Amino acid sequence: MDFRTIPVTELAAQVRSGRTSAAALVEHALERIAATNPEVNAFVAVDADGARARAAAVDAEVAAGRDPGPLAGIPLGVKDLEDAAGLPTTNGSAALGEVPAAEADSTLVARLVAAGCVVVGKTNTPEFGWKADTENQRFGATRNPWNLDHSAGGSSGGSAAAIAAGMVPLATGSDGGGSLRIPSTCCGLPSVKPSLGRVPSGGPKAPDWHHLSTKGPMAARVADIVAALEVVVGPDPTDLRALPRPEASWVAALEDPHLPAKVAWSPTLGYAEIDAEVLAICSRVVDVMAGLGTDVVEVERVFDQDPVDDWLLLSGVYNLRSLGAVVDTPAFDLVDPVLRMIVEGARSASAVDVVRAEDAGHALNLQLVDLFRTVRLLVTPVTAAAAPPRSLGGQGLINGRPDINWVQMTYPFNMTRSPVATVCVGTTSDGVPVGVQLIGPQHADLVVIRAAAALEAALGFDPVAPYPAG
């Protein structure tokens with residue numbers, strides 16, 4: 109069995125029909141984690157006993173003639189920014205010390221479990237998800253299954269690497285600046301960042317990154333992601349931003365995967381420098397889309413300038429709130445030095461500064477509205493550089509030059525709250541994947557996933573990483 113070669117829906121169908129068992133899937137996940145996690149370091153906590161007990165409950169439902177749900181028996185990894193009952197949520201931070209186990213699942217995890225998923229453990233993340241390299245002082249670095257000398261990306265890098273290494277077929281992630289899109293692409297996976305509010309962040313605690321971050325499932329195929337989205341999208345009365353569920357089925361939308369008649373291709377968004385090798389690989393998508401009958405219009409400038417300063421202010425303020433309990437204590441010295449600097453800088457921001465940074469997102473969206481008057485989707489590279497060598501300490505390599513902002517293509521679309529999907533196009537000379545992102549108009553999630561599924565099929569990228577062997 110190799111989770112990377114069997115669709116999630118097929119695995120669940122086998123469990124529901126009795127052709128295999130949830131117990132068998134969980135045992136395979138546990139064996140795979142034991143064999144590969146020492147090198148990859150994707151999981152930071154594993155609950156083998158709890159997973160076995162939950163798998164037994166799923167199998168008991170099947171034996172009793174009841175349907176345990178559309179994701180019956182699917183082993184699930186949970187990003188360590190998200191609560192899973194019985195496991196601590198450490199946020200990858202050494203500064204938090206001992207963390208008690210969560211008493212309940214987050215809304216996202218609860219909906220996946222209600223659909224039949226079995227939580228097997230927590231996956232690694234950079235401290236409070238603040239950067240695009242999954243490394244922290246508490247658990248160390250996650251390695252990329254495509255090339256162990258390279259970063260898995262971040263901040264959902266533990267989840268992406270776990271799927272790419274075949275440890276689990278499904279995991280959770282979140283995206284406040286590219287944290288679903290970047291690690292998925294680095295690890296050879298597609299991704300879907302839903303519109304803000306599609307996947308609710310309700311519950312007793314307010315969302316960490318209020319107006320930037322959206323949550324979602326991660327998997328090896330667009331169809332698998334969509335199958336999980338089908339059970340998690342929809343309003344929650346405790347989430348002020350939650351959107352109504354679209355009338356159409358997300359799964360049914362993939363019965364007719366297609367690209368729109370006209371899309372825009374913007375290699376740089378108007379401000380970014382893209383590594384030449386990455387750009388050459390991503391540019392292949394133009395011919396592929398044209399071959400599918402799509403009119404591709406190249407757009408040199410989408411935005412007037414790089415919105416990085418506004419994004420950094422917002423993310424810094426949000427992290428200041430998250431780390432507030434330790435900022436003026438000795439434990440603050442245990443926080444990543446760069447994150448510490450960003451949080452310290454955020455302390456001097458005024459309320460008006462924060463509102464003006466939020467206004468910048470409004471201005472960016474106005475520019476997208478103008479673009480979408482003539483095209484249905486915007487296509488760009490996911491990142492300006494490929495997954496960085498771990499020796500660079502989180503910096504990307506753009507045309508031979510280390511650059512900390514190698515992810516400058518993703519965060520604008522958190523500020524605009526846009527739906528975005530990514531698909532991998534090819535691999536670099538170092539053997540790490542690169543990909544493109546498909547950005548849609550406000551709330552046009554179904555347009556985005558139809559296009560991503562069509563492009564995924566046309567590109568034919570194999571999601572099976574060379575390490576470890578199946």
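Using our numbering, you'd call the opening residue of the sequence shown number 109 and step up by one each time. Beta carbons are placed, not taken as given, at the ideal position from N, Cα and C, and that holds for glycine. Keep in mind that this is a model prediction, so the values were computed, not measured.
Does the beta-carbon of PRO445 have 16 or more other beta-carbons within 10 angstroms, so that it is buried, or is it exposed?
The residue in question, PRO445, is exposed, as its Cβ has fewer than 16 Cβ neighbours within 10 Å.
Does the Cβ-Cβ distance between VAL533 and ALA560 come in under 8 Å?
No, the Cβ-Cβ distance between VAL533 and ALA560 is not below 8 Å.
How would you write the range of the alpha helix (DSSP H) that GLU135 sits in, first residue to last?
From DSSP, the alpha helix (DSSP H) with GLU135 extends over 130-148.
Out of curiosity, what's the CA-to-CA distance linking ASP461 and ALA454?
Approximately 10 Å between the Cα atoms of the pair.
Tell me, to the nearest whole angstrom, how far the beta carbon of TRP254 is from that of PRO541; I am working on the premise that it is less than 8 Å.
Indeed, because the Cβ distance is near 6 Å, the residues count as touching under 8 Å.
In chain order, which alpha helix (DSSP H) runs of at least 4 residues are fully inside the region 506-556?
Whole alpha helix (DSSP H) segments, 4+ residues: 520-523.
Are the region 491-509 and the region 519-527 touching by the rule of at least three beta carbon pairs closer than 8 Å?
As far as the Cβ criterion goes, the region 491-509 does not touch the region 519-527, which means the pair count is below three.
Check GLY281 in the structure and name its three-state DSSP category.
Strand.
In this structure, does DSSP put GLU118 in helix, strand or coil?
The answer is helix: DSSP assigns GLU118 an H, G or I state.
Is there contact between the region 281-296 and the region 246-265, where contact requires at least three CB pairs shorter than 8 Å?
The region 281-296 vs the region 246-265: in contact.
Tell me whether TRP419 sits in a helix, a strand or coil according to DSSP, three-state version.
If DSSP states are grouped into helix, strand and coil, TRP419 belongs with the helices.
Excluding sequence positions up to five away, which residues of its chain have a Cβ less than 7 Å from the Cβ of VAL359?
These residues qualify, in order along the chain: VAL334, ALA335, GLU338.
Measuring only the C-alpha atoms, how far is PRO438 from GLU452?
Whole-angstrom Cα-Cα distance: 14 Å.
Which value, in whole angstroms, describes the spacing of the CA atoms of GLY596 and GLY248?
With the chain represented from 109 up to 578, any question about residue 596 goes unanswered, as that position is not in the structure.
Distance, Cα to Cα, SER214 vs ARG162?
Cα-Cα distance, rounded: 17 Å.
Are the region 474-485 and the region 426-442 touching, with three or more C-beta to C-beta distances below 8 Å?
Result no; under three Cβ-Cβ pairs closer than 8 Å.
If we call anything under 8 Å between Cβ atoms a contact, is PRO308 one with ALA350?
Yes, these two residues count as a Cβ contact at 8 Å.
Spatial neighbours of ASN252 within its chain, please: C-beta separation below 7 Å, excluding the five flanking residues on both sides.
Only HIS258, SER259, ALA260, ALA269, CYS294, CYS295, ALA495, VAL540 meet the Cβ criterion.
To which residues of the same chain is PRO208 closer than 8 Å at the C-beta, ignoring the five residues directly before and after it?
Only PRO196 meet the Cβ criterion.
Would you report the Cα separation of ILE271 and THR242, rounded to the nearest angstrom?
Between ILE271 and THR242, the C-alpha separation is close to 15 Å.
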